[in-house]
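Here's the structure we're looking at; comments come further down.
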Ligand SMILES: Nc1nc2c(ncn2[C@@H]2O[C@H](COP(=O)(O)OP(=O)(O)O)[C@@H](O)[C@H]2O)c(=O)[nH]1
Ligand SMILES: [Mg+2]
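In my numbering, the protein residues as written are 824 to 1025.
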């Protein structure tokens, strides 16, 4: 059995990591705790362990320049015969707890990952400052050649600061996306998967 490609989903608290993993794999393991006081109306839980989602990346063998589809592993297993003409890669999405004090857990979860998706809440200045810290921390324990994509999430929300502003604040290129509406997310993940495959075959 081919080993799954491992992608670390990291970033500061409230950036959308658990939501992303759950939206791609409804059966994901998500270890959260109820917060003593809710951060916002729809943020009442915080990751205290890790998240683990299992998905399959499916690309047609003919016309494989297509970015393909991402489906949960359990959906893929149910409809396997539909995908006989597809190149299938299993992918594990491992989410971290985003609060600052969980730094050690983040460093452990990063071990052995093939690529990193770094999420930022693109609507909050304070959040972006904390993101800069976590990005620095992440780079400290990752090999330089591990593919990394930085995503400014929540592009659907009022007050979104936008790619240009966020890129200049964190001094890195970021992609615009919304986990909620799925805009830009599938493209970002399939593009990091392609980068990982290219690296592994070169
Ligand atoms: N508007 C909007 N809200 C989002 C989006 N992604 C996540 N959220 C919300 O942001 C909050 C934090 O999400 P969560 O996945 O718990 O963040 P985590 O702490 O990084 O795991 C939740 O209330 C989500 O519903 C998005 O793309 N747009
Ligand atoms: Mg979480």
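Note that beta-carbon positions come from the ideal geometry of N, C-alpha and C, so glycine has one too.
Counted within 10 angstroms of its Cβ, other Cβ atoms place residue i as buried (16 or more) or exposed
i            : result
residue 976  : buried
residue 861  : exposed
residue 991  : exposed
residue 885  : exposed
residue 964  : exposed
residue 954  : buried
residue 882  : buried
residue 985  : exposed
residue 859  : exposed
residue 891  : buried
residue 840  : buried
residue 1025 : exposed
residue 910  : exposed
residue 867  : exposed
residue 914  : buried
residue 935  : exposed
residue 848  : buried
Per-residue DSSP class, three states only, for residue i
i           : result
residue 975 : strand
residue 892 : strand
residue 901 : helix
residue 831 : strand
residue 965 : coil
residue 944 : strand
Within-8 angstroms CB hit, residue i to chain C
i            : result
residue 1013 : The chain inventory of the structure shown lacks chain C, comprising one protein chain alone.
Handout entry: Validate contact between the stretch 849-857 and the stretch 873-892 using beta carbons, cut 8 angstroms, 3 pairs
Key = The stretch 849-857, when compared against the stretch 873-892, does touch it at the 8 angstroms Cβ threshold.
Problem - Those runs of the beta strand (DSSP E) which lie wholly inside the stretch 905-932 and span at least 3 residues - result: With a minimum length of 3 residues, the continuous beta strand (DSSP E) runs that stay inside the stretch 905-932 are 909-918.
Problem - Three CB pairs or more closer than 8 angstroms across the stretch 918-929 and the stretch 895-910 - result: No: fewer than three Cβ pairs fall under 8 angstroms.
Handout entry: Length at least 4, wholly inside the stretch 983-1012: the alpha helix (DSSP H) runs in chain order
Key = Listed in chain order, the complete alpha helix (DSSP H) runs (minimum 4 residues) inside the stretch 983-1012 are 986-993.
Exercise for the section: Give, in chain order, every unbroken run of the alpha helix (DSSP H) that is at least 4 residues long and sits entirely within the stretch 839-881. Expected result: The qualifying runs are 840-847.
Problem - Stretch-stretch touch, CB-based, cutoff 8 angstroms, three pairs: the stretch 947-964 with the stretch 997-1004 - result: Flag = no, the stretch 947-964 and the stretch 997-1004 do not touch.
Problem - Inter-stretch contact at 8 angstroms, needing at least 3 Cβ pairs: the stretch 1012-1019 / the stretch 968-985 - result: When C-beta atoms of the stretch 1012-1019 are compared with those of the stretch 968-985, three or more pairs fall below 8 angstroms, so the two segments count as touching.
Exercise for the section: Specify whether the stretch 832-845 and the stretch 934-953 touch according to this definition: at least 3 beta carbon pairs, one from each stretch, less than 8 angstroms apart. Expected result: Touching, yes, given that three or more Cβ pairs across the two stretches are closer than 8 angstroms.
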